[in-house]
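Novice: Submitted below is the structure of interest, expressed as structure tokens.
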Amino acid sequence: MIMHTNLWNCKTDNTLSLEIFFLGSPQPSCTRLLGVPVTEAMETYKRWVRHNKDYVHSLESLANGLTWLLPERFSDSEIGPEAVTTILGIITAINEHIIDTTPTQDVSGSVEPYSFPYSLCLSALKDLETLVEVVAQHYYGDDKKWNFLAVTEATKVLVRLSLFRKSGYKMLLSGGETCNDETDSSSLTSQHQMSIKPDGNHSSSYMKNNHGPEPQNLEGRALSALSKFGENTRMVSKPVWLRRVQHQQAIMEPPVLAEKPTLFSILSKKGLRGALFLIGEVLSITRPLIYVLFIRKYGARSWTPWFLSLAIDCIGMSILSIVTSVAGGKTQMFHLSAPEKDEVKRRKLLFVLYLMRDPFFSKYTRHRLESTEKVLEPIPVIGFLTAKAVELTIGAQTRYTYMSGS
2 MIMHTNLWNC
12 KTDNTLSLEI
22 FFLGSPQPSC
32 TRLLGVPVTE
42 AMETYKRWVR
52 HNKDYVHSLE
62 SLANGLTWLL
72 PERFSDSEIG
82 PEAVTTILGI
92 ITAINEHIID
102 TTPTQDVSGS
112 VEPYSFPYSL
122 CLSALKDLET
132 LVEVVAQHYY
142 GDDKKWNFLA
152 VTEATKVLVR
162 LSLFRKSGYK
172 MLLSGGETCN
182 DETDSSSLTS
192 QHQMSIKPDG
202 NHSSSYMKNN
212 HGPEPQNLEG
222 RALSALSKFG
232 ENTRMVSKPV
242 WLRRVQHQQA
252 IMEPPVLAEK
262 PTLFSILSKK
272 GLRGALFLIG
282 EVLSITRPLI
292 YVLFIRKYGA
302 RSWTPWFLSL
312 AIDCIGMSIL
322 SIVTSVAGGK
332 TQMFHLSAPE
342 KDEVKRRKLL
352 FVLYLMRDPF
362 FSKYTRHRLE
372 STEKVLEPIP
382 VIGFLTAKAV
392 ELTIGAQTRY
402 TYMSGS
């Protein structure tokens, strides 16, 4: 008797069921696997995560910290501990995605949401890459593992380039793991600051009491008072039923989505600086893949991949500094938002990782760490903590994914 399992037949109430069909049986039997609808269970879990996000963050931080103390963390057979770390990382990424996608009431002027969860995909790929490296090194050796890492980095590049295009060619925050939903301030300054009132009329924002500064001179205060008096008069003169109809129309109308810039619009409006910005971001996205491909060709102990990666990062940061600077009395064409300024600081801090990458680490940094450990070894508590920190640092340095900064 042949048994065939069908997992595709789900009930209309979204309840997951397992049907086992025996070929030759006159009536197929159906066995219920889970009694709770999958959709309802997921929504319950989402509500719990969003309601207890501080508690979830604390648990995730504790669990991720304890993974560094797992036995055989950086030994040759660390597939088990690394698998545990990867699973915890993916769970953390899913919880962060649930928290970041919390529905909000104010959606006016927002950017169209992505149908594909780019940030979740990139976070999962980043966590999975370490496990891929460990498994590939264990079964195929140090040289062959770079083939698998190249495939993983190429996948991340494709996802990031797609996200870069979907976001309207905005700067990727944390390699795309954080959504860049901030409105470009340059577009705000180039447009007239207009706002829509509940009655459907337009007026300048400085004439409103709650959308702009109060005029300081006598003439300005008089004009503002006349404007408010006229607005109140129009509102009072309108029938109640008409105001209710307009209010219902305002609720039922779909929110206005901000228009995303295209490649042509950026090049036409911002010219050379726009092209340089695009080149700099593409270099930042493709730098890890180029680094892995050159390590695959020349080896991890060669200076060629190290210097090439450093040169790409320096060129990218220089381009970013040029396009965001003001020269010749011209207006600044690229205005960085607060998260984008933090991203620039993060990219500058990543230059420290070059001290932890071979061959620089083997020739210089490791000797400094070992000498520091020997100096502090006689001190009872500090010596033990220093030895443990050096051990973890040297162990983490052997993994490309921990020092890649991608």
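The numbers in the numbering used here rise by one with no breaks, and the one at position 348 of the sequence shown is 349. All residues carry an ideal CB built from backbone N, CA and C; glycine is no exception. This structure is a prediction, so every number in the text was calculated from the model and none was measured.
1. Give the C-beta separation of A422 and K145 to the nearest angstrom, bearing in mind that I take them to be a contact with Cβ-Cβ under 8 Å.
2. Tell me the DSSP secondary structure of L173 in three-state form.
3. So, helix, strand or coil for T394, using DSSP?
4. When the Cα atoms are used, what is the spatial distance from T387 to T45?
5. Which of the three DSSP states is assigned to T102 in this structure?
6. Is it buried or exposed for E113, if we count other Cβ within 10 angstroms and need 16 for buried?
7. Is D55 buried or exposed, if buried means 16 or more other CB atoms sit within 10 Å of its CB?
8. Rounded to whole angstroms, what's the CA-CA distance from S116 to T373? Just pull it up for me.
9. Going by alpha carbons, who is nearest to E130 out of I316, E83, F335?
10. Applying the criterion that 16 or more other CB atoms from any shown protein chain within 10 Å of the CB defines a buried residue, is R358 buried or exposed?
11. Is the beta carbon of R302 sitting closer than 8 Å to the one on P360?
12. Mapping the DSSP letters down to three states, classify T399 as helix, strand or coil.
13. Expressed to the nearest angstrom, what Euclidean distance is found between the alpha-carbon atoms of L321 and V152?
14. Flag this pair as yes or no: are the beta carbons of T103 and R166 separated by less than 8 Å?
15. Tell me, please, whether the segment 340 to 360 touches the segment 163 to 178 by the rule of three or more beta-carbon pairs shorter than 8 Å.
16. Mind checking whether T86 and T68 have CB atoms under 8 Å apart?
17. Can you tell which of F149, C122, W147 has the C-alpha that lies nearest to the C-alpha of T179?
18. Between the alpha carbons of H98 and K346, how many angstroms are there, rounded?
19. Nearest CA to the CA of I80: which residue from H139, L311, K298, A390?
20. Can you give the Cα-Cα distance for I1 and Y401, rounded to whole angstroms?
21. Under 8 Å, do L279 and Y170 count as touching if we go by C-beta distance?
22. On the DSSP bridge list, what partners appear for T179?
23. Can you tell which of G317, P306, K271 has its C-alpha closest to the C-alpha of E282?
24. Could you tell me how far apart the beta carbons of I395 and R367 are, in whole angstroms, since I believe they sit closer than 8 Å?
25. Given this structure, state the Cα-to-Cα distance separating G406 from L354, to the nearest angstrom.
Specialist: Once the coordinates are examined:
1. The chain is shown from 2 up to 407; residue 422 falls before or after that span and cannot be answered.
2. coil
3. helix
4. 45 Å
5. coil
6. Low confidence applies to E113: its pLDDT is 49, below 50, so where it sits in the model is not reliable, and the reading given next is rough at best. It is exposed - the Cβ of E113 has fewer than 16 other Cβ atoms within 10 Å.
7. exposed
8. Near 51 Å, if we compare the C-alpha coordinates of T373 and S116.
9. E83
10. buried
11. yes
12. coil
13. 28 Å
14. no
15. yes
16. yes
17. T179 has its Cα closest to that of C122, out of F149, C122, W147.
18. 24 Å
19. H139
20. With the chain running from 2 to 407 in the structure shown, residue 1 is simply not present.
21. yes
22. L174
23. Nearest option by C-alpha distance: G317.
24. 7 Å
25. 7 Å
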